[in-house]
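Protein chains in written order, with full-length UniProt numbering: chain A, 1 to 388; chain B, 1 to 388.
We put the CB at the ideal spot given by N, CA and C, even for glycine.
In this text, all values refer to a predicted model and were calculated from it rather than measured experimentally.
One structure below.
Number of protein chains: 2
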Amino acid sequence: MRDVAVIGIGLTNFGEMWDTSFRELCVEAGVKAIEDAGLDGEQIDEMFVGNMSGGRFVLQEHIGALIADYAGLATNHIPSTRTEAACASGGLAFRQAVTCVASGMQDVVIAAGVEKMTDVSGGETTDALAGAADREWEGIYGVTFPSLYAMMARDYIHKYGLTREQLAQVAVKNHFNGARNPIAQFRKEITLDVVKNSTLVADPLRLMDCSPVSDGASAVIVCPLERAHEFTDTPVKVLASTQATDTISLHDRRDISTIDATIAAGNRAFKMAGLERKDIDLVEVHDCFTIAEICAIEDLGFCKKGEAGKLTEEGYTALDGKLPVNTSGGLKACGHPVGATGIKQVCEIVQQLRGDAGKRQVNGAEIGMTQNVGGTGATVVTHIFGRT
Amino acid sequence: MRDVAVIGIGLTNFGEMWDTSFRELCVEAGVKAIEDAGLDGEQIDEMFVGNMSGGRFVLQEHIGALIADYAGLATNHIPSTRTEAACASGGLAFRQAVTCVASGMQDVVIAAGVEKMTDVSGGETTDALAGAADREWEGIYGVTFPSLYAMMARDYIHKYGLTREQLAQVAVKNHFNGARNPIAQFRKEITLDVVKNSTLVADPLRLMDCSPVSDGASAVIVCPLERAHEFTDTPVKVLASTQATDTISLHDRRDISTIDATIAAGNRAFKMAGLERKDIDLVEVHDCFTIAEICAIEDLGFCKKGEAGKLTEEGYTALDGKLPVNTSGGLKACGHPVGATGIKQVCEIVQQLRGDAGKRQVNGAEIGMTQNVGGTGATVVTHIFGRT
Chain A
1 MRDVAVIGIG
11 LTNFGEMWDT
21 SFRELCVEAG
31 VKAIEDAGLD
41 GEQIDEMFVG
51 NMSGGRFVLQ
61 EHIGALIADY
71 AGLATNHIPS
81 TRTEAACASG
91 GLAFRQAVTC
101 VASGMQDVVI
111 AAGVEKMTDV
121 SGGETTDALA
131 GAADREWEGI
141 YGVTFPSLYA
151 MMARDYIHKY
161 GLTREQLAQV
171 AVKNHFNGAR
181 NPIAQFRKEI
191 TLDVVKNSTL
201 VADPLRLMDC
211 SPVSDGASAV
221 IVCPLERAHE
231 FTDTPVKVLA
241 STQATDTISL
251 HDRRDISTID
261 ATIAAGNRAF
271 KMAGLERKDI
281 DLVEVHDCFT
291 IAEICAIEDL
301 GFCKKGEAGK
311 LTEEGYTALD
321 GKLPVNTSGG
331 LKACGHPVGA
341 TGIKQVCEIV
351 QQLRGDAGKR
361 QVNGAEIGMT
371 QNVGGTGATV
381 VTHIFGRT
Chain B
1 MRDVAVIGIG
11 LTNFGEMWDT
21 SFRELCVEAG
31 VKAIEDAGLD
41 GEQIDEMFVG
51 NMSGGRFVLQ
61 EHIGALIADY
71 AGLATNHIPS
81 TRTEAACASG
91 GLAFRQAVTC
101 VASGMQDVVI
111 AAGVEKMTDV
121 SGGETTDALA
131 GAADREWEGI
141 YGVTFPSLYA
151 MMARDYIHKY
161 GLTREQLAQV
171 AVKNHFNGAR
181 NPIAQFRKEI
191 TLDVVKNSTL
201 VADPLRLMDC
211 SPVSDGASAV
221 IVCPLERAHE
231 FTDTPVKVLA
241 STQATDTISL
251 HDRRDISTID
261 ATIAAGNRAF
271 KMAGLERKDI
281 DLVEVHDCFT
291 IAEICAIEDL
301 GFCKKGEAGK
311 LTEEGYTALD
321 GKLPVNTSGG
331 LKACGHPVGA
341 TGIKQVCEIV
351 QQLRGDAGKR
361 QVNGAEIGMT
371 QNVGGTGATV
381 VTHIFGRT
């Protein structure tokens, strides 16, 4: 396999984008990535687009071709493929792009992610998202994602004694970071009291424990590492690209507050990169709910089970901590247009390794990691990146 | 890149499968492919699942994980990815599996395709399928797939003078073949009069010019060619795997009765395989409507534009003709569960090259080709296969 590097990134603002359509969002991110890489669109050989539910949110399937067309890339008839694994759809698109270049099949490949969630009513959004769970054994009984993650949180609290303050600190930290990210949906800091006093959604999760419904898009361009300096002075090398699957239903897991697919994908990633946990300078994890960040830190092996709450409270995962987590603001504050999230995480790590992260820059960041989750953990995609 | 071979195939019956669920269909095809390859499920490294619109048809997304789980493959936490490009979703899943093995990322990879279309009303099915076209510039104005292909047919007839009998002969031929395929939805022969007297759907297309709404699934297992003989005495080599994109809207094309993405993907496939048109012994093309088979034969370069109707009438594309087309019965008679079709085409070619096609066997078949179309031709996937 050939070594692969990221040579360009592009992001739209995340939020309620009433005046921008699904396709316009994705094309905006793609064009920014093309400009960032200093490419002509004609140099792109293949495209992957991560999207969870265009069929439900905007009544549109066939999304790879749609985006290639509106980006002006259909004139060269490049291949364009949509990938889907619920909220991990973007991570999958990136992984397919890496595989495509690694194989020698193509040289310059763009991976984009997009979701437009605010064009339908809240009930429709909630039901579409429930399509990420098992429709026949979960969704049909009325279970929604806040309630699934609430069950994970209750199980976790029962086993490990996480406090309300520790859980709330995840949101406080991620809002602190999001306030420093120009594309974030929520660019304001919050306090522990704001989280603790927010509306109860699914006990113990309150409104400020939950990531929002968002519109947005993200894009990344990869090429063989040996060609990267044709396009950029600051290529970022892909050190590992891994993915793992678990049961789609939460109730079928051996342990509902441990995400085994995160353990599997993470272990494979460290093996592939030949690195240890202590080598990672920062990590973007999938904090669709505050409890998910706690589990992710532990299941990736950065600490033992039951320790992440205390570490969060002590500032270990803060922007100036030993292991900054979700410097972008995470899904909680940056926003969570589900198909776009996995690639936004990659964009954040690339900005950090380039030293381009502005007010949220982690000093001396050399190696970063991403963890992107589908559903309650039935799909997990992890990537490790290094400065070159 | 490593050479890749097909070592196992599996198909469900195609039709209205009232007593089999979406996931059961896909698992049935997968298990048959695993048995055909003489594998243990534990030997499978990665999975791709082609599906167009689980979100609309069965309210289910996150389909890669769902199928891996119900196939018992989540216990090993293998990666599983859904691909989507409307009716070309299956072809894409197969192409990703080929790329994955070619890259050296994995060794034994399964590609499946599935659609369950009969669980919703006819109106919902038609609207979900319209998600393969441009929702904002086609679907919103009430255009459906029969009407889009009818416009292509009218343009073709205007330019080339195709007769009603020539068009009907596509359906007659494919029903002749389907009557010899045990999994086909319509296992009976029809006459020209049956086609000509069937209900008008969208002038000039009648009911018997249209492929049906179907349930069904298909699966194929690939591995490196050098390992293929560990599993089977009759591996089939993948000689080319290509894909091309065009504008999603029909009205944006330079010529609405020529599918440029077929020309592009086909040319790339012949170049990749180092073969000429005359080397192909049989081909499975995407006859979602009879006119689509006419265009496919021409756009793949097997004859000049305007000649395929006459060739069809003369028996050139019949089971005992010079170039048998759609020996499976095609989408028309075998059925068209959209996500499954691209991989069913691969299964048909593999059966033919193995000499396992029973009453529809093409004598001495050495090299076969598939062409799988998304929408009105915004995505085309082509593959060429050879006996080893």
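Query, Result
"Let's see if you can read the secondary structure: which residues bound the alpha helix (DSSP H) around GLU28/B?", "22-36"
"DSSP puts HIS286/B in a beta bridge; with which residues?", "DSSP output for HIS286/B lists no bridge partner at all."
"Could you pull the DSSP bridge partners for SER218/B from this structure?", "LEU11/B and GLY113/B"
"Are the CB atoms of VAL338/A and THR262/A nearer to each other than 8 Å?", "no"
"Whole angstroms are fine: how far does the CA of ALA74/A sit from the CA of MET151/B?", "22 Å"
"Which complete alpha helix (DSSP H) runs does the region 226-289 of chain A hold, if anything under 4 residues is left out?", "260-273"
"Closest to VAL222/B by C-alpha separation, out of GLY38/B, LYS305/B and GLU24/B, would be which residue?", "GLY38/B"
"Which chain E residues sit within Cβ distance under 7 Å of GLU348/B?", "Within the model displayed, chain E is absent; protein chains A and B are what it includes."
"List in chain order: all unbroken alpha helix (DSSP H) runs of 4+ residues lying wholly within the region 37-115 of chain A.", "54-57, 63-70 and 89-103"
"Counting only beta-carbon separations shorter than 8 Å, does THR245/B have a partner in chain A?", "yes"
"Give me the Cα-Cα distance between ASN181/B and VAL58/A, rounded to the nearest whole angstrom.", "38 Å"
"Are the CB atoms of VAL143/A and THR290/A nearer to each other than 8 Å?", "no"
"Return no unless some Cβ of chain A is closer than 8 Å to the Cβ of VAL170/B.", "no"
"Shorter than 8 Å from the beta carbon of ALA343/B to some beta carbon of chain A?", "For the sequence presented, residue 343/B should be read as Ile rather than Ala. No, ILE343/B lies away from the interface with chain A (no Cβ there is under 8 Å from its Cβ)."
"From GLY64/B to THR163/B, what distance separates their C-alpha atoms?", "44 Å"
"In whole angstroms, give me the CA-to-CA distance for GLN106/A and GLU46/A.", "7 Å"
"Please tell me whether GLY55/A and VAL31/A are closer than 8 Å, where the distance is taken between their beta carbons.", "no"
"Look at the alpha carbon of THR125/A and the alpha carbon of ALA68/B, and state the distance between them as a whole number of angstroms.", "26 Å"
"Does the distance from the CB of ARG2/A to the CB of GLY104/A come in under 8 Å?", "yes"
"Answer yes or no: the CB of ALA269/B versus the heavy atoms of the ligand ZN, is any distance below 7 Å?", "In the structure shown, the ligand ZN is absent, as is every other ligand, since no ligand is present at all."
"Using the Cα positions of GLU138/B and GLN371/A, report the straight-line distance between them to the nearest angstrom.", "38 Å"
"Could you check if ARG254/A is buried or exposed, using at least 16 other CB atoms within 10 Å of its CB as the buried criterion?", "exposed"
"With distances taken from CA atoms, which of VAL101/B, LEU167/B, THR327/B and ILE248/B is nearest ALA179/B?", "THR327/B"
"Indicate whether at least one CB of chain B lies closer than 8 Å to the CB of ALA264/A.", "yes"
"On a CA-only basis, which of GLY386/B, ILE78/B and ALA88/B is nearest ASP279/B? Give me that one, please.", "GLY386/B"
"PHE385/B by DSSP, collapsed to three states: which one?", "strand"
"Using the Cα positions of VAL120/A and SER211/A, report the straight-line distance between them to the nearest angstrom.", "18 Å"
"Going along the chain, which residues of its own chain have a beta-carbon closer than 6 Å to the beta-carbon of GLY321/B, five neighbours each way excluded?", "GLY315"
"Quick one: measure Cβ to Cβ for THR382/A and GLN166/A, integer angstroms, because I've assumed they're closer than 8 Å.", "About 24 Å separates the two Cβ atoms, so there is no contact after all."
"Quick one: Cα of GLY309/A to Cα of LYS271/B, how far?", "57 Å"
"Between the region 78-104 of chain A and chain B, which residues of the former have a C-beta closer than 7 Å to a C-beta of the latter?", "ILE78, PRO79, SER80, THR81, ARG82, THR83, GLU84, ALA85, ALA86, LEU92, GLN96, THR99, CYS100, ALA102, SER103 and GLY104"
"Roughly how far, in whole angstroms, is the beta-carbon of ALA219/A from the beta-carbon of ILE110/A, given that I think they are within contact range, below 8 Å?", "6 Å"
"So SER53/B contacts chain A; which residues on that side make the cut at Cβ distance below 7 Å?", "GLY55 and GLU61"
"Using the Cα positions of GLY41/B and ALA112/B, report the straight-line distance between them to the nearest angstrom.", "14 Å"
"If you measure between the beta carbons of ALA102/B and VAL4/B, is that distance less than 8 Å?", "yes"
"For chain B, find out if any of its Cβ atoms is closer than 8 Å to the Cβ of LEU66/A; answer yes or no.", "yes"
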